[in-house]
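Reviewing the structure listed below.
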Amino acid sequence: MTLRVYNTLSGTKEEFTPLVPGKVSMYVCGVTVYDHCHIGHARANVVFDMIYRYLCHAGYEVTYVRNYTDVDDKIINRANQEGVPFNVISERFIAEFDRDMAALGLALPTHQPKATEHIAEMTAVISRLIEKGYAYAADGDVYFCVEEFAPYLKLSKRNLDEMQAGARIEVGEKKRHPMDFALWKGSKPGEPFWESPWGKGRPGWHIECSAMSMKYLGETFDIHGGGKDLVFPHHENEIAQSEAANGKPFAHYWIHNGFVNINAEKMSKSLGNFFTIKEVLEKYDAEVLRFFLLSAHYRSPIDFSDQNLREAETGLERIYTTLAGIDEELAKGEDSTAGEADHELVGKTATLADRFREAMDDDFNTAQALGFVFDLVRSANRVLAEGRGDNRALLAEARDRIREVGTVLGIFTSGPRAFAERLKSRKAAELPISPEEIGRLIEERIAARAARDFRRADEIRDTLAEQGIMLLDSPQGTTWKVK
RNA sequence: GGCGGCGUCGCCAAGUGGUAAGGCAAAGGUCUGCAAAACCUUUAUUCACCGGUUCAAAUCCGGUCGCCGCCUCCA
Numbered sequence: 029m030t031l032r033v034y035n036t037l038s039g040t041k042e043e044f045t046p047l048v049p050g051k052v053s054m055y056v057c058g059v060t061v062y063d064h065c066h067i068g069h070a071r072a073n074v075v076f077d078m079i080y081r082y083l084c085h086a087g088y089e090v091t092y093v094r095n096y097t098d099v100d101d102k103i104i105n106r107a108n109q110e111g112v113p114f115n116v117i118s119e120r121f122i123a124e125f126d127r128d129m130a131a132l133g134l135a136l137p138t139h140q141p142k143a144t145e146h147i148a149e150m151t152a153v154i155s156r157l158i159e160k161g162y163a164y165a166a167d168g169d170v171y172f173c174v175e176e177f178a179p180y181l182k183l184s185k186r187n188l189d190e191m192q193a194g195a196r197i198e199v200g201e202k203k204r205h206p207m208d209f210a211l212w213k214g215s216k217p218g219e220p221f222w223e224s225p226w227g228k229g230r231p232g233w234h235i236e237c238s239a240m241s242m243k244y245l246g247e248t249f250d251i252h253g254g255g256k257d258l259v260f261p262h263h264e265n266e267i268a269q270s271e272a273a274n275g276k277p278f279a280h281y282w283i284h285n286g287f288v289n290i291n292a293e294k295m296s297k298s299l300g301n302f303f304t305i306k307e308v309l310e311k312y313d314a315e316v317l318r319f320f321l322l323s324a325h326y327r328s329p330i331d332f333s334d335q336n337l338r339e340a341e342t343g344l345e346r347i348y349t350t351l352a353g354i355d356e357e358l359a360k361g362e363d364s365t366a367g368e369a370d371h372e373l374v375g376k377t378a379t380l381a382d383r384f385r386e387a388m389d390d391d392f393n394t395a396q397a398l399g400f401v402f403d404l405v406r407s408a409n410r411v412l413a414e415g416r417g418d419n420r421a422l423l424a425e426a427r428d429r430i431r432e433v434g435t436v437l438g439i440f441t442s443g444p445r446a447f448a449e450r451l452k453s454r455k456a457a458e459l460p461i462s463p464e465e466i467g468r469l470i471e472e473r474i475a476a477r478a479a480r481d482f483r484r485a486d487e488i489r490d491t492l493a494e495q496g497i498m499l500l501d502s503p504q505g506t507t508w509k510v511k
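Here the numbering used here runs 28 ahead of the position in the first sequence, where the first position is 1.
If you want it as structure tokens, here you go:
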């Protein structure tokens, strides 16, 4: 089975055929670095990280480019508010972005170009557009002439007349057509600027992606991605600039991820209903967040709520519990006897990689892929519960298959014990009782149980339970966890 | 107003022509001094509603209702 990808351009799933066999070139729009990232940014970046990892896993040599938009109105505004140069703001939030992405366990893209380091490439594209009659300079600004580019709006599937009827467009006096967009903006006093054939100024938003993708990936490349909200105008304008300048197709496959919602409404800065990545990571483990984001298909909206995050946490814990159980079983040694291998577990283990690939080949269906993992987990748990000391090699195999899937999705990457400890210490910090006090009560209970004073033992269990602590008895002793 | 998407068990979520994955929650059982975890069993004859096409539809077509997104910066 071959990879099939939903292409926004055609509106259908298409078989994925890269330009150069065995290689994939992919450009994803990064962030404008003027503030901390929110969960919506987390989703977009986790989704494309997953796609990147899967393409690599599928054997492609992938060149992945993700940019930083480090000059723009919002950055300048913030810099003015704080009374600092714009690059102080952009550098600060580039560092914050990098920190957030590292916390989420993202692989680094091949290239992470910054707009301000590619001004020359941009002015070159703009000059070419003017020469070809697709753009015009007007009093220090340069605009793209949308009427000159016939396929304009082919990605968002609109038409110019209707867009105008919508009439929320400001008719810039320098523009010939109200939909024309800026390639270059003449700088006002106090704004950062670069020299150009049209005077001092700075690039428009869209041109950086055209120029940088061309530099790192060529005039035509395979995949261009970003959030759904970038379809219009950003990606539409990129297509116009690049295809007009080069006379060649731009990106072949356009992939857009769905939004993160809060109460079924889009999370966004303007609505003010957003959570930053840092806020969420104070409450939930990064792997839990990642698991949650991948538990729905990347194009569907996903609703962010405490309940959903907690469910994701419980689900992920279930998988880790199994991995821990397998490790414990294996610690007991080799297969005890040459017993018969459990048929179901053999089957589920042997087919996981294929089923995973099938799900992922169908437009990166991570939700289905995780369902298959849970299938195998249940089989493994059954064998574990049956105390099959004769199936250890098989259990080890199952664990390795689960881990393999996890590597591609960027989850199950911790040791099971480390994961459990992380969750525990995170939750313990919110408890009304100290771990020392819990330990003391556990000791007391052990003594009570040894004396068969079950009444006192249960009293202690109940007291702790009231404070959200569950005691777990096992032959190895008593441990506790936070519920 | 234009364009696009969605509506599947109490909740989350796969499934896009062949007779409803998976997770969470819930109930019963096994295990346990009692618990927890884990295992086993149960939980949608039905996929917003109404028509139509088909041997066959959650999946295709038409209509209705509801929700959301884009059309302005936005992942």
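For every residue, glycine included, the Cβ atom is placed at its ideal position computed from N, Cα and C.
Give me the residue from the options with the minimum Cα distance to residue i.
i, options, result
"residue 347", "400, 330, 360, 276", "400"
"residue 74", "322, 359, 412", "322"
"residue 167", "211, 243, 128", "211"
"residue 153", "271, 389, 113, 384", "271"
"residue 464", "233, 508, 448, 427", "508"
"residue 163", "115, 232, 125, 426", "232"
"residue 150", "242, 115, 161", "242"
"residue 201", "448, 497, 170, 337", "170"
"residue 255", "265, 276, 287", "287"
"residue 56", "285, 204, 498", "285"
"residue 48", "246, 269, 324", "246"
"residue 299", "306, 289, 307", "289"
"residue 368", "417, 480, 258", "417"
Looking at the structure shown, is residue i part of a helix, part of a strand, or coil, going by DSSP?
i, result
"residue 260", "helix"
"residue 252", "strand"
"residue 417", "helix"
"residue 517", "Given a span of 29 to 511 for the chain in the structure shown, any question on residue 517 remains unanswerable."
"residue 220", "coil"
"residue 295", "coil"
"residue 234", "coil"
"residue 246", "coil"
"residue 13", "What the structure shows of the chain is the stretch from 29 to 511, and residue 13 is not part of that stretch, so it cannot be assessed."
"residue 362", "coil"
"residue 384", "helix"
"residue 209", "strand"
"residue 228", "coil"
"residue 484", "helix"
"residue 266", "helix"
"residue 391", "coil"
"residue 189", "helix"
Given residue i, which residues of its chain have a CB within under 8 Å of its CB, disregarding the five upstream and five downstream residues?
i, result
"residue 134", "73, 74, 77, 438"
"residue 356", "none"
"residue 513", "No answer is possible for residue 513: the residues shown for the chain start at 29 and end at 511."
"residue 194", "Legend: pLDDT at residue 194 = 46, less than 50; position of this residue unreliable, no value from coordinates given."
"residue 393", "325, 387"
Quick check: the Cα distance between residue i and residue j, rounded to an integer number of angstroms?
i, j, result
"residue 291", "residue 333", "8 Å"
"residue 244", "residue 344", "38 Å"
"residue 304", "residue 67", "6 Å"
"residue 104", "residue 309", "29 Å"
"residue 350", "residue 395", "19 Å"
"residue 424", "residue 354", "7 Å"
"residue 230", "residue 144", "9 Å"
"residue 160", "residue 273", "7 Å"
"residue 377", "residue 311", "34 Å"
"residue 54", "residue 486", "59 Å"
"residue 374", "residue 422", "7 Å"
"residue 319", "residue 459", "25 Å"
"residue 39", "residue 236", "26 Å"
"residue 124", "residue 59", "11 Å"
"residue 496", "residue 511", "5 Å"
Going by beta carbon distance, what residues of the same chain come within less than 6 Å of residue i, once the five residues before and after it are set aside?
i, result
"residue 52", "46, 83, 88, 90, 250"
"residue 265", "209, 234"
Quick one: residues in its chain with C-beta nearer than 7 Å to the C-beta of residue i, no 5 flanking neighbours on either side, listed in chain order?
i, result
"residue 484", "476"
"residue 391", "32, 33, 34, 41"
"residue 277", "248, 271"
Any alpha helix (DSSP H) of 4 or more consecutive residues that is wholly inside the region 306–340: If you keep only unbroken alpha helix (DSSP H) runs of at least 4 residues inside the region 306–340, you get 314–322.
Whole runs of the beta strand (DSSP E) within the region 398–467, excluding any shorter than 3 residues: Along the region 398–467, the beta strand (DSSP E) does not occur as any fully enclosed run of 3 or more residues.
In chain order, which alpha helix (DSSP H) runs of at least 4 residues are fully inside the region 64–112? Runs found: 67–85, 101–110.
Ranges of the alpha helix (DSSP H) found wholly within the region 112–181, counting only runs of at least 4: Counting only runs of 4 or more, we get 114–131, 147–159.
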